[in-house]
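Numbering (my numbering), first residue to last: 234 to 505.
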């Protein structure tokens with residue numbers, strides 16, 4: 234009796250409840266972002282919502298702040314270098330997993346993705362100890378290495394399935410026509426897996442650009458990325474410039490999403 238009642242209730246109200254929950258989730262995700270974006274235009278230095286007057290003053294302050302701009306460029310440098318290294322390593326790893334059979338292959342996949350569920354602080358402390366053991370000082374390149382460690386699991390999660398879905402008969406046909414291993418990879422496999430590689434790279438870039446914990450542990454005083462700069466601003470004084478920096482992070486994330494969609498659409502057109 235009770236199961237039938239529940240089933241009838243779900244049939245009548247399920248769609249309404251589902252849509253309601255969807256909008257609640259969307260609201261919880263986007264209302265805080267909307268508030269931060271609105272507050273970035275507040276004229277008053279005191280953070281009071283809603284703002285009495287809107288202005289672009291804090292955006293001009295941000296663009297004229299040499300320390301903030303330097304932090305942006307440092308973040309871009311770290312993210313670009315870390316992303317390129319991550320994409321190369323994740324692609325090689327994915328190719329080996331998809332192409333060859335060897336002992337411990339499943340364990341390697343587990344180890345590669347394990348850092349995703351390990352607390353960031355734990356890995357951050359481990360990296361500090363690791364750099365100390367091998368006598369490598371903290372600084373720009375230690376931050377790059379830390380970001381590679383941070384982003385490889387996410388890139389691999391996208392690139393490995395893409396590599397596994399590749400139709401191996403295409404390679405066999407190319408080899409039958411006389412192509413060598415390198416030609417087959419560059420001209421046959423790579424064009425087919427490129428969307429997955431690009432998606433993994435964009436995700437790696439976004440994560441690296443926003444990374445705080447790993448950077449905090451392995452940086453030196455001269456290496457200040459935008460998340461570190463934001464943290465220092467919050468520690469000493471919460472000004473509307475903090476909201477502007479938050480909007481910058483949001484714009485980077487949106488830009489990566491739009492770029493991924495554009496590349497996907499181009500790939501669909503060229504593959505027709």
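Yeah, the Cβ is synthetic: ideal placement off N, Cα and C, and Gly gets one too.
Closest to residue 419 by C-alpha separation, out of 404, 315, 343, would be which residue? Of the candidates 404, 315, 343, the one whose C-alpha sits nearest the C-alpha of residue 419 is 404.
Measure the alpha-carbon distance for residue 390 versus residue 358 and round it to whole angstroms. 24 Å
Pop quiz: residue 451 and residue 364 are said to be a contact at Cβ under 8 Å. What is the actual Cβ separation, rounded to whole angstroms? 6 Å
Buried or exposed for residue 457, going by 16 or more other Cβ atoms inside 10 Å? buried
Within the continuous alpha helix (DSSP H) that includes residue 295, where are the two ends? 290-296
Only counting the same chain, and skipping five residues up and downstream in sequence, which positions put a Cβ closer than 8 Å to that of residue 502? Below a pLDDT of 50, predicted positions are generally treated as unreliable, and residue 502, at 48, falls in that range; the measurement from the model is reported next regardless. There are no such residues.
Among all the DSSP beta bridges, which residues are the ones paired with residue 275? 287
Using 8 Å as the threshold, is the C-beta distance between residue 434 and residue 320 below it? Yes; because the gap between Cβ atoms is below 8 Å, this pair is in contact.
Return the chain-ordered ranges of every alpha helix (DSSP H) run that is complete within the region 303-367 and spans a minimum of 4 residues. 338-346, 353-366
Can you list, in chain order, the residues of its chain with a C-beta nearer than 7 Å to that of residue 443? Leave out the 5 residues immediately preceding and following it. Close CB contacts of residue 443 within its chain, under the 7 Å cut and outside five residues either way in sequence, are with 460, 482 (chain order).
Given 8 Å as the limit, is there contact between the region 301-314 and the region 324-340, that is, 3 or more CB pairs closer than that? no
Taking all protein chains shown into account, do 16 or more other C-beta atoms lie within 10 angstroms of the C-beta of residue 386, making it buried, or fewer, making it exposed? buried
Starting from residue 404, trace the alpha helix (DSSP H) in both directions and tell me its first and last residue. 401-409
With a Cβ-Cβ cutoff of 8 Å, do residue 430 and residue 399 count as a contact? no
Leaving aside the five residues before and after residue 336 along the sequence, list all residues of the same chain whose C-beta is less than 7 Å from its C-beta, in chain order. Cβ neighbours of residue 336 beyond the five flanking positions: none.
As assigned by DSSP and simplified to three states, the class of residue 502: Its pLDDT being 48, under 50, residue 502 is placed unreliably in this model, and the value from its coordinates should be taken loosely. DSSP places residue 502 in helix when its eight states are reduced to three.
Going residue by residue through the region 425-467, where are the continuous beta strand (DSSP E) segments of at least 3 residues, counting only ones entirely within it? none
State buried or exposed for residue 272, treating a residue as buried only when at least 16 other CB atoms are found within 10 Å of its CB. With a threshold of 16 other beta carbon atoms within 10 Å, residue 272 meets it and is buried.
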